[in-house]
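J.: What follows is a structure written as C-alpha cells; I'll ask about it next.
Protein chains: 2
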Amino acid sequence: MSKTMEALREIFGCRVSASLAERYCYASDASQVQGMPDYVVRPENTQEVSWLLRFCSEHQIPVTPRGAGTGLAGGASPVRGGVVLDMSGMCKIVEIDIGNLQVIVQPGVVADKLNLALRPHGFFFPPDPGSSAMCTIGGMISNNSSGMRSVKYGTTKNYLLDLEVVLADGRIIRTGSKVLKSSAGYDLTRLFAGAEGTLGVITEAGLKMAPLPRSRKLVLTCFQDAETAGRAVISVFSAGITPSACEILDRLTCRVLKSCDPNVAVPDDGDVILFEVDGQESSTEEEALQIAEICRQQALSVRVADSKKEMDEIWAARKLVGAAISRLDPSKTRIYMGEDVGVPISRIPSLIKKVQQISAKLDIPAMKFGHIGDGNLHVALFIDVMDDVQWQKLRLAADRIHRAALEMGGTVSSEHGIGQARAEYLPEQMGEETLQVMRSIKRAIDPANILNPGKLAL
Amino acid sequence: MSKTMEALREIFGCRVSASLAERYCYASDASQVQGMPDYVVRPENTQEVSWLLRFCSEHQIPVTPRGAGTGLAGGASPVRGGVVLDMSGMCKIVEIDIGNLQVIVQPGVVADKLNLALRPHGFFFPPDPGSSAMCTIGGMISNNSSGMRSVKYGTTKNYLLDLEVVLADGRIIRTGSKVLKSSAGYDLTRLFAGAEGTLGVITEAGLKMAPLPRSRKLVLTCFQDAETAGRAVISVFSAGITPSACEILDRLTCRVLKSCDPNVAVPDDGDVILFEVDGQESSTEEEALQIAEICRQQALSVRVADSKKEMDEIWAARKLVGAAISRLDPSKTRIYMGEDVGVPISRIPSLIKKVQQISAKLDIPAMKFGHIGDGNLHVALFIDVMDDVQWQKLRLAADRIHRAALEMGGTVSSEHGIGQARAEYLPEQMGEETLQVMRSIKRAIDPANILNPGKLAL
Chain A
134 MSKTMEALRE
144 IFGCRVSASL
154 AERYCYASDA
164 SQVQGMPDYV
174 VRPENTQEVS
184 WLLRFCSEHQ
194 IPVTPRGAGT
204 GLAGGASPVR
214 GGVVLDMSGM
224 CKIVEIDIGN
234 LQVIVQPGVV
244 ADKLNLALRP
254 HGFFFPPDPG
264 SSAMCTIGGM
274 ISNNSSGMRS
284 VKYGTTKNYL
294 LDLEVVLADG
304 RIIRTGSKVL
314 KSSAGYDLTR
324 LFAGAEGTLG
334 VITEAGLKMA
344 PLPRSRKLVL
354 TCFQDAETAG
364 RAVISVFSAG
374 ITPSACEILD
384 RLTCRVLKSC
394 DPNVAVPDDG
404 DVILFEVDGQ
414 ESSTEEEALQ
424 IAEICRQQAL
434 SVRVADSKKE
444 MDEIWAARKL
454 VGAAISRLDP
464 SKTRIYMGED
474 VGVPISRIPS
484 LIKKVQQISA
494 KLDIPAMKFG
504 HIGDGNLHVA
514 LFIDVMDDVQ
524 WQKLRLAADR
534 IHRAALEMGG
544 TVSSEHGIGQ
554 ARAEYLPEQM
564 GEETLQVMRS
574 IKRAIDPANI
584 LNPGKLAL
Chain B
134 MSKTMEALRE
144 IFGCRVSASL
154 AERYCYASDA
164 SQVQGMPDYV
174 VRPENTQEVS
184 WLLRFCSEHQ
194 IPVTPRGAGT
204 GLAGGASPVR
214 GGVVLDMSGM
224 CKIVEIDIGN
234 LQVIVQPGVV
244 ADKLNLALRP
254 HGFFFPPDPG
264 SSAMCTIGGM
274 ISNNSSGMRS
284 VKYGTTKNYL
294 LDLEVVLADG
304 RIIRTGSKVL
314 KSSAGYDLTR
324 LFAGAEGTLG
334 VITEAGLKMA
344 PLPRSRKLVL
354 TCFQDAETAG
364 RAVISVFSAG
374 ITPSACEILD
384 RLTCRVLKSC
394 DPNVAVPDDG
404 DVILFEVDGQ
414 ESSTEEEALQ
424 IAEICRQQAL
434 SVRVADSKKE
444 MDEIWAARKL
454 VGAAISRLDP
464 SKTRIYMGED
474 VGVPISRIPS
484 LIKKVQQISA
494 KLDIPAMKFG
504 HIGDGNLHVA
514 LFIDVMDDVQ
524 WQKLRLAADR
534 IHRAALEMGG
544 TVSSEHGIGQ
554 ARAEYLPEQM
564 GEETLQVMRS
574 IKRAIDPANI
584 LNPGKLAL
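Residue numbers (the numbering used here), protein chains in the order written: chain A, 134 to 591; chain B, 134 to 591.
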C-alpha cells in the first residue's frame, strides 16, 4: 500500500478506494470528458474534508469534488488524476427553518428530495434542472444550475444565503448567515457558487425557500417561424407578465414529443412556445387569457391547456424529450455537446436558423428547444455512436454552434457549466483580461492549484 | 502647480480641481465619516478613468470613487486623501433594449431618472432605496442597494447582467454580456458589485428590467406587539404569498408619520405591518383579502387601503419618516448611525425589544421601522447635535445596536454598506478567516491598494 493510501486509510477507513473498478466508475460525469482518479474518497463531515484538502495541498495531489456526476461539461471528471471527492454521502437536510424562510442542507442532498421535504410546509427550492431526480444541491451550486422556471425564479445563485466552504489549505469558512439581505463585504457566496469546485469545497449551504404557487396555467402557441415567436415573447413581457416558464420547441422536437406520448396535444406545424404562468388562481387565469390574446394576433394556433392532467403530461414529455430522439431513429443516440448555448433573447431566432444550417450542412440531426425567456437554447445532436465519421462531424457541429453563440454576443453555457468540455471558448467569451482576473483570484485562494485543476481555462 | 496637478490638468482640463472649497465639498458623503481629498476629478468617459487609475497606481495615489454621495457609511469619503473620482457626470442612458429586456447605463444615472425613462415601455428597475431621487446606479451597484420592495424583487445584484470595470492598473474589463443567464466562470459581476469601489471603478452597466406590475394593494395591520406581528408575517409567506413590501413601524414611527401628514390613517396603538402586494388586478385583490384574513386572527386591526390615493399618501409619508422626527421635537436631528442592521427575520421582534432597551437606558429616542420581510430594521436615533454628551451616548447606542444584531446572527448592514463607519464590526461578522479571503482577493486585484483604501476592514 502506498504511503498516501496508508494516510487516507487512517482517516477514511473503507471510505477510500484505489480499486480499478471503482476508479473507473469515477472517471467521468455525464459528459464525454474522461480522467482517471488515483483515489476515490467519501467524506462524512466537514472536518474530514478539511483534513483531506490540507493533506492534498501539502502533497500536491489534485482534488476533484463530485456530486451525483450528472454534469455535462466534465466538471467532475478528474482530468489530472488525484482524488475524486464524492460528496454524495453528505446528504442530510440539517434544518428546515420556516420562521426564517430557509433550509440548511449538506451538499449531497438531491434536489427532488429537498423539494419533497419542503412541500408539506408550502415552500419549494425553485431551480429545476432536468436532472433534478438525481443531481445534488452541491453540484447545482457549483454550476449555478437552473432550468425552465429560471425565467421567473432565477438561478441557484438567487437562493444562496450562506455557504460553508473548505479552502484548499483546509481552512473552513462561512460566507454568509441566516440573514436574508446583507451588504457587508465581498460576495464570496456567489464567487464560490459557479466556480465548479476550483476555489473550495462546499460542505453546507443555507438556501432561501420560495412559497409554492397555488395555481399554474399553460398556454400552447404555435407560430410560422421562430422570429414571429420571439416577437410574441417580448410582447408578453412588455404587457407586464413574467411567465414561470417560456419554452420554445421546434418542429422536430414536437414530433419527438408526440412519439414519447401520442396523447400530448402539441401542435407540430410550426415553432411552438409553451407559456406557463403561476401564482394565485385568479391571476393565472387572467394572465393565461392575456397571453392567448397577445399571441392570437401573430400565431397559427393558440390554446390554453384544458386541465392539470394535460399540463402534467406535456411537462413530463418535455422533460424526457432530450433523451428521446431514439424513438424516431433507434440507431442514433443523443450526445451532449454544444447543448447549452445562450444568446440575448432577441437573437434566439437567428441562432435557431444558424443551428438548422449547421445541422443540414453536416447532416447531423438537431432538435432545438429551450428557455427562450432567458435566451438559453438546448440543441440535441444525434449520431450513430459506432460511426467515427459521425463523431467527427458531431464535434465540428458542436464547435460551430458554440462559435455561432459567441458571434451573437452569447455564452457557450447558460446553465450546465464550462468544466473542461467548453474551457477552450472561455478566453473568447470573457476576453483575455477578464480571464486574467479570474486566474489571479484562483492563485490567491488556491495557490497550489489542487482544486479541480484543468477546468475553466484557469 | 504640483507635478501631479500638471499631469491631471493635461487630461482633465477644468474637470480637475484642488481648490479648498471644492475639496471640502467632497470630504464626506451623507455619513459622519470625514476625509480630505487632494484632488477632485470628473471623468467624462471610460478612457479617462483608465488613464487616471494607471497614473494613480504608478504614483501610489489613493482613489475614492463617488456617485451622488448619498451613502451612509463613508464609502465615498476619501479617508486617505488622494483623488475623489466624481462619476456623476457619466450619466447617459446608453441604450434601452426592450427586445432583450435590459438597459445599458453609465454609472452616474440617477435611479429615479432611469425609472422615468423605462416607464413608457412598461418596465422598471426594481431596487428602490430611500435616496432614489438622488442616488446613482453606480453607487447602488457598489453598495448592493435595495429598499422596501427587495422582499419580492431582490437587490441590485439580482439585476446586473454586465459591468464595464476599470481595474487599478487601468485595464478595462467586461464581466458579462447581454445574455440573461450564463454559467461560465467566476461571477465577477457580483464580486465587483457590493465591493464599494475597492476592486475597480464601474464605468458602464447592463441591467435587467422587470415588467411594471399592473396593480398594487396595501393592507394595514396592527398588532399588540412585534412578536405577534412577526408570526403573522411568516403565516402570510407560508400561505404562498410573497408581498411586494412588508414593512414594520413601531408606535413612535406611526406618531411621526401622522405628524408628517395628519390625513394618513395609520393605526397608532401597536406595532403596524404594512403589507403591499402587486401584480395583476385580480391577484392583488385576492392576495390582499387573504392577507387580511390571515392577520385578522391575531391583529388588533386590519384594513385594506381604500384607494390608490390613500396608498400613495401612506408610502410618501413612510419615505419621509426617517428624516421627520424633528416634527416631534425641533431641537433634535436624526443622525445615521446603527441605522441599517439586519437579523434572521424571526429575530426581528427580539431586536426591536433590545433596541427599545438600549434607547431607554441611554435616553436617546429611537424610531424603529424597516423591511421585516427580509429582516432589515432601520433604527432612527435622534439627538441635539449641539450637545457633546448626547453625541457620546449616540455612539454608544449605535455600537450596542450593531453588537445586538451580531449576537442574533445578523449583519451590521443590510443595504447601506460597510464603508469605514462599520468596518470595525466586519471581523466579528464574517470571521477572521473569511475576511482573510477578502483581503487576498483585494491584494490580487489591487496590489498597490489605491482603490478606496481604509474601507471594508481590508
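The beta-carbon is built from N, C-alpha and C at its ideal position, and this holds for glycine as well.
Is M342/A helix, strand or coil by DSSP?
T.: Mapped onto the first sequence, residue 342/A falls at position 209. Coil.
J.: Kindly identify the DSSP beta-bridge partner or partners of K350/A.
T.: Stepping through the first sequence from its first residue, residue 350/A is reached at position 217. For K350/A, which the question treats as bridged, DSSP gives the partners V410/A.
J.: List the DSSP bridge partners of F257/A.
T.: Working through the first sequence from its first residue, we reach residue 257/A at position 124. Partner(s): A343/A.
J.: Could you tell me whether the Cβ atoms of H511/B and G455/B are closer together than 9 Å?
T.: Position 378 of the second sequence holds residue 511/B. Position 322 of the second sequence holds residue 455/B. Yes, the Cβ-Cβ distance between H511/B and G455/B is below 9 Å.
J.: By Cβ distance below 7 Å, which residues in the same chain neighbour N248/A in space, the five residues on each side in sequence not counted?
T.: Counting from 1 along the first sequence, the entry for residue 248/A is found at position 115. F257, F258, listed in sequence order.
J.: Would the beta-carbon of E121/A fall within 9 Å of that of E297/A?
T.: The question about residue 121/A has no answer, for chain A in this structure spans 134 to 591.
J.: Return the chain-ordered list of same chain residues with a C-beta closer than 6 Å to the C-beta of G208/A, the five sequence neighbours on each side being excluded.
T.: Residue 208/A sits at position 75 when you count from the first residue of the first sequence. Counting only Cβ-Cβ distances below 6 Å, and skipping sequence neighbours, we find E329, G550, G552.
J.: Output yes or no for whether 9 Å exceeds the beta carbon distance between A154/A and D171/A.
T.: Locating residue 154/A in the first sequence gives position 21, where the first residue counts as 1. Locating residue 171/A in the first sequence gives position 38, where the first residue counts as 1. No, Cβ-Cβ distance for A154/A and D171/A is not below 9 Å.
J.: Using beta-carbon positions only, say whether T354/A and I270/A come within less than 9 Å of one another.
T.: Counted from its first residue, the first sequence places residue 354/A at position 221. Counted from its first residue, the first sequence places residue 270/A at position 137. Going by C-beta atoms, T354/A is not nearer than 9 Å to I270/A.
J.: Taking all protein chains shown into account, do 16 or more other C-beta atoms lie within 10 angstroms of the C-beta of S265/A, making it buried, or fewer, making it exposed?
T.: Reading the first sequence from its first residue, position 132 is the one you call residue 265/A. Looking at its Cβ environment, which holds 16 or more other Cβ atoms inside 10 Å, S265/A is buried.
J.: Excluding sequence positions up to five away, which residues of its chain have a Cβ less than 6 Å from the Cβ of A378/B?
T.: Position 245 of the second sequence, counted from the start, is the residue given in the question as residue 378/B. Correct list, in chain order: M281, R282, E409.
J.: For A596/A, which residues of its own chain have a beta-carbon under 6 Å away from its beta-carbon, when the five flanking residues on both sides are left out?
T.: No statement about residue 596/A is possible, as the shown extent of chain A runs from 134 to 591 and does not include it.
J.: Taking only beta-carbon atoms, is P78/B less than 9 Å away from chain A?
T.: The displayed coordinates of chain B run from 134 to 591. Any statement about residue 78/B would go beyond what the structure contains.
J.: Could you compute how far the alpha carbon of T331/A sits from the alpha carbon of Y319/A?
T.: If you number the first sequence from 1, residue 331/A lands on position 198. If you number the first sequence from 1, residue 319/A lands on position 186. Approximately 18 Å between the Cα atoms of the pair.
J.: Please name the residue in L385/B, W448/B, I144/B, T203/B whose C-alpha comes closest to that of A160/B.
T.: Residue numbering aside, residue 160/B sits at position 27 when the second sequence is read from its first letter. For A160/B, the nearest C-alpha among the options comes from T203/B.
J.: Leaving out the 5 sequence neighbours to the left and right, which residues in its chain are closer than 6 Å to T322/B when beta-carbon positions are compared?
T.: On the second sequence, residue 322/B is found 189 positions in, with the first residue counted as 1. If we look at T322/B and ignore the five residues flanking it on each side, its Cβ neighbours are L293, L296, T308, G309.
J.: Can you pull the chain B neighbours of V570/A, defined as C-beta to C-beta under 7 Å?
T.: Walking along the first sequence from the start, residue 570/A turns up at place 437. Neighbours of V570/A on chain B, chain order: I306, L321, I578.
J.: Interface residues of chain A around Q562/B at Cβ under 7 Å?
T.: On the second sequence, residue 562/B is found 429 positions in, with the first residue counted as 1. Correct list: A317.
J.: Give the residues from the region 236-265 of chain A that approach chain B closer than 9 Å (Cβ to any Cβ), ordered along the chain.
T.: For the region 236-265 of chain A, which is checked against every Cβ of chain B, the residues closer than 9 Å are H254, G255, F256.
J.: Please classify Y286/B as buried or exposed, where buried requires at least 16 other C-beta atoms within 10 Å of its C-beta.
T.: What you label residue 286/B is simply residue 153 of the second sequence in a count that begins at 1. With 16 or more Cβ atoms within 10 Å of its Cβ, Y286/B is classed as buried.
J.: So, is the C-beta of E566/A closer than 9 Å to a C-beta in chain B?
T.: One-based indexing of the first sequence puts residue 566/A at position 433. So, interface residue.
J.: For the region 425-442 of chain B against the region 364-379 of chain B, do three or more pairs of beta-carbon atoms, one drawn from each stretch, fall closer than 8 Å, so that the two count as touching?
T.: Yes, since at least three Cβ pairs between the region 425-442 of chain B and the region 364-379 of chain B fall closer than 8 Å, the two stretches touch.
J.: For P253/B, which of V312/B, M342/B, S547/B has the nearest alpha-carbon?
T.: In the second sequence, the residue the question calls residue 253/B occupies position 120. Measuring from the Cα of P253/B, the nearest candidate turns out to be M342/B.
J.: Which same chain residues end up closer than 7 Å to I231/B when comparing Cβ atoms and leaving out the 5 residues on each side of it in sequence?
T.: The residue labelled residue 231/B in the question sits at position 98 within the second sequence. The answer, listed in chain order, is H254.
J.: Can you name the residues of chain A whose CB is closer than 8 Å to the CB of T386/B?
T.: For the purposes of this step, residue 386/B is taken as residue 253 along the second sequence, with counting starting at 1. The contacting residues do not exist; T386/B stays about 20 Å from chain A at best.
J.: Does DSSP put I124/B in a helix, in a strand, or in coil?
T.: What the structure shows of chain B is the stretch from 134 to 591, and residue 124/B is not part of that stretch, so it cannot be assessed.
J.: Can you have a look at N178/A and say buried or exposed, based on whether 16 or more other CB atoms are within 10 angstroms of its CB?
T.: Counting from one through the first sequence, the residue named residue 178/A turns up at place 45. It counts as exposed.
J.: Under 9 Å between C-beta atoms, does N585/B make it to chain A?
T.: Position 452 of the second sequence holds residue 585/B. It does not; no Cβ of chain A falls within 9 Å.
J.: Judging by CA-CA distance, which residue of V334/A, E143/A, L313/A, C147/A is the nearest neighbour of P183/A?
T.: Stepping through the first sequence from its first residue, residue 183/A is reached at position 50. It is worth fixing the name first, because residue 183/A is Ser in this sequence and not Pro. The candidate whose alpha carbon is nearest that of S183/A is V334/A.
J.: Go ahead and label K225/A buried or exposed: buried means 16 or more other beta carbons lie within 10 angstroms of its beta carbon, across all protein chains shown.
T.: Counting from one through the first sequence, the residue named residue 225/A turns up at place 92. Exposed is the call here.
J.: Let me know the secondary structure DSSP gives T269/B once reduced to three states.
T.: The count along the second sequence starts at 1 and reaches residue 269/B at position 136. Of the three classes helix, strand and coil, the one that applies to T269/B here is strand, per DSSP.
J.: Can you tell me the Cα-Cα spacing of M470/A and R528/A, whole angstroms?
T.: One-based indexing of the first sequence puts residue 470/A at position 337. One-based indexing of the first sequence puts residue 528/A at position 395. M470/A and R528/A: Cα-Cα distance of roughly 8 Å.
J.: Would K311/B pass as an interface residue toward chain A - the criterion being a Cβ-Cβ separation below 9 Å?
T.: Residue 311/B sits at position 178 when you count from the first residue of the second sequence. Cβ-Cβ to chain A under 9 Å: yes for K311/B.
J.: So who's on the other strand from I478/A, going by DSSP bridges?
T.: Within the first sequence, residue 478/A is the residue found at index 345, counting from 1. In the DSSP output, where bridge partners are listed per residue, I478/A has none listed.
J.: By the three-class DSSP mapping on this structure, what secondary structure does C224/A have?
T.: In the first sequence, counting from the first residue as 1, residue 224/A sits at position 91. Here C224/A sits in coil by DSSP.
J.: Quick check: the Cα distance between P260/B and S278/B, rounded to an integer number of angstroms?
T.: Your numbering for residue 260/B matches position 127 in the second sequence. Your numbering for residue 278/B matches position 145 in the second sequence. Using only the alpha carbons, I get a separation of about 7 Å.
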